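Numbering (this note's numbering), first residue to last: 51 to 235. C-beta: ideal position from N, C-alpha, C; glycine also. Small disclaimer: the values here were computed from a predicted structure and weren't measured.
As structure tokens, then:
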């Protein structure tokens, strides 16, 4: 084809016109799709902003929950320690009282032993009376010893439960800390 523009170009055939029309339609569709892009981008931007807000709210909620759990944990520790202290304060006087009773009983036993030695030759009747007194004192001593042992075991059980609770609370705190660290990453 020459670059001579002095004459009219050759007439386009129907096939060429149809191909040009198809190309124009394709370009028009592409232009329509491009015209929709700003709206789609705006919608995507709004969705992204909403997701960011929700993410921030979730993060705030998690931080608040962690703080609340830590406060609850601290209160539980404090309450548990005060309850243990209260139990010890209640048990210590009883233990001291029983210890005092044991000492009194021991002194009584010693006195009875000494008296028994003195009146050994006093007769069967006096010996019988001292045997009865002896049995009474021994049973009281056994009762006091049993009570002291029961209280000691109760204190040990409470201390074990306290240790177990503190370990459980520490595990919960560590798990919360690890979860928060993972979420922050």
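{"Check": "Straight-line Cα distance separating residue 108 from residue 122", "Outcome": "21 angstroms"}
{"Check": "CB-CB length for residue 159 against residue 197, believed under 8 angstroms", "Outcome": "That pair is no contact at about 18 angstroms."}
{"Check": "Span separating the alpha-carbon of residue 226 from that of residue 101", "Outcome": "24 angstroms"}
{"Check": "Neighbourhood of residue 117 by C-beta distance below 7 angstroms, restricted to the same chain and skipping five residues each side", "Outcome": "none"}
{"Check": "Test item: CB-CB of residue 155 and residue 194 under 8 angstroms", "Outcome": "yes"}
{"Check": "Reference residue 133, options 192, 205 and 228, closest by Cα", "Outcome": "205"}
{"Check": "Own chain, CB closer than 7 angstroms to residue 190, minus 5 neighbours either side, in chain order", "Outcome": "155"}
{"Check": "Distance, residue 229 Cα to residue 120 Cα", "Outcome": "14 angstroms"}
{"Check": "Complete beta strand (DSSP E) runs within the region 68 to 133 (minimum length 3 residues, chain order)", "Outcome": "none"}
{"Check": "Same chain, Cβ closer than 8 angstroms to residue 222, neighbours up to 5 away in sequence not counted", "Outcome": "119 and 123"}
{"Check": "For residue 183 and residue 139, the rounded distance between their alpha carbons", "Outcome": "34 angstroms"}
{"Check": "Alpha-carbon to alpha-carbon, residue 234 and residue 211", "Outcome": "35 angstroms"}
{"Check": "Residue of 224, 213 and 232 minimising C-alpha distance to residue 127", "Outcome": "213"}
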